[in-house]
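Numbering (my numbering), first residue to last: 223 to 603.
Every residue, glycine too, gets a C-beta built ideally from N, C-alpha and C.
These numbers were taken from a predicted model, which means no experiment stands behind them.
To start, the structure under review is shown below, and the notes come after it.
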């Protein structure tokens, strides 16, 4: 009976990817129904789960991934190799999210051993949730498209439609090489990521679908033309060109700006869409991130809201931005400590071909936010 359950597909999984797929699923939340996921904090459980994935077939694994809706489970069973790409995409967008918000009170991180804090942030229909849905959707597009171009997937390859001659501002060129198959990446990401939101029709589902689309389109927005020149002495008399995705950082930078200008919306009366809360707004929301609820200030630790607080966070004493001590520490003040650091200095080029540097030690001031002061009445007995 067990053998009958094992399909012809098996997954190869390294400890590094481990449960990234499961973590990705766990981040996609809907209303007050958080998906369960595992956070790979201990090597032993991760190793055992990886062995489990390698030993069992796609059907068994997909049926046991918590939180998948039927449509997602079917896609998982049909395309198990794509699931590993989704896991790689999850790692990419999580790193990008943490980079973009590294100087923000909410820095896109969780407590190491609290499996639900990040999820609780997503329970609120806030700007942060809007960004996470957009960047995660973009991450899936990016990972699937890249895997197609690298020949890692059976179901897709390079974009076969890019053939013949074309023209840009530099003149004529021939399509060739391996253009990234962005349209397939978008198509699969839409089918997989949007599946849960299409099961219900409420303000949060529509918000998620909208932001998912913004994320997908952000990757396509930064497709670039890459060319190889042919001709005597590199004269570039002839060019062979292909379309390639830009570095994911460009997508992250773009969506971070959209986070700053995100638009508050409410559901319209007939429940078929949303409208902008600001009646004076005259623009369009098509390419903008949208949110329904205001964000908490993230100053204090509040597990119910998914806020880790800013106590102990490093701040910039001289900055007036979000990384400045006044803003980051929420007016609580900061502590200063002197620390020694080692940097490379007196670097010299050595023929050929190396750069040699000395290790120089200096002392710098590091400022960290003070913890929240307990009210005096709490200490009374």
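When the Cα atoms are used, residue 493 and residue 418 turn out to be separated by approximately 18 Å.
Restricted to the region 408–461, the beta strand (DSSP E) segments that are unbroken, complete and at least 3 residues in length are 446–452, listed in chain order. If you compare the alpha carbons of 466, 354, 489 and 412 with that of residue 402, the shortest gap goes to 466. In the DSSP assignment, residue 520 falls outside any beta strand (DSSP E) and carries neither an H nor an E. Counting only residues of its own chain and dropping the five nearest sequence neighbours on each side, residue 444 has a CB closer than 8 Å to the CB of 467, 468, 472, 473 and 476. By the neighbour-count definition (other C-beta atoms within 10 Å, threshold 16), residue 306 is a buried residue.
Scanning its chain for C-beta atoms nearer than 6 Å, with the 5 sequence neighbours on each side dropped, one finds around residue 531 the residues 522 and 523, in chain order.
Distances from the CA of residue 566 to each of 553, 576 and 583 were compared; the closest alpha carbon is that of 583. In the three-state reduction of the DSSP assignment, residue 586 falls in the strand class.
About 5 Å separates the CB atoms of residue 447 and residue 463; that is less than 8 Å, so the two are in contact.
The closest CA to that of residue 525, considering only 284, 310 and 331, is found on 331.
Of all C-beta pairs linking the region 426–443 to the region 345–363, three or more are shorter than 8 Å, placing the two stretches in contact. Per DSSP, residue 356 is one residue of the alpha helix (DSSP H) stretching across 349–371. Judged by DSSP in its simplified three-state form, residue 397 adopts strand. Secondary structure of residue 473 (DSSP, three-state): helix. Taking all protein chains shown into account, residue 509 has fewer than 16 neighbouring C-beta atoms within 10 Å of its C-beta and is therefore exposed. According to the DSSP secondary-structure assignment, residue 317 is paired through a beta bridge with no residue.
Under the Cβ criterion (8 Å, minimum of three pairs), the region 549–569 does not count as touching the region 481–499. With a minimum length of 4 residues, the unbroken runs of alpha helix (DSSP H) contained wholly in the region 522–567 fall at 547–550. Boundaries around residue 300 are those of the alpha helix (DSSP H), 292–300, since no beta strand (DSSP E) includes it. Residue 487 has 498 as its beta-bridge partners, per DSSP.
Under the criterion of beta carbons closer than 8 Å, residue 396 and residue 461 qualify as touching, at roughly 7 Å. Using a 10 angstroms sphere on the CB of residue 322, the tally of other CB atoms reaches 16 or more, which defines it as buried. In terms of Cβ geometry, residue 550 and residue 327 form a close pair [threshold 8 Å]. Looking from the CA of residue 318, the closest CA among 288, 547, 354 and 281 belongs to 354. As the crow flies, the alpha-carbon of residue 595 is around 22 Å from that of residue 329. Restricting attention to 356, 449 and 370, the CA atom closest to the CA of residue 480 is found in 356.
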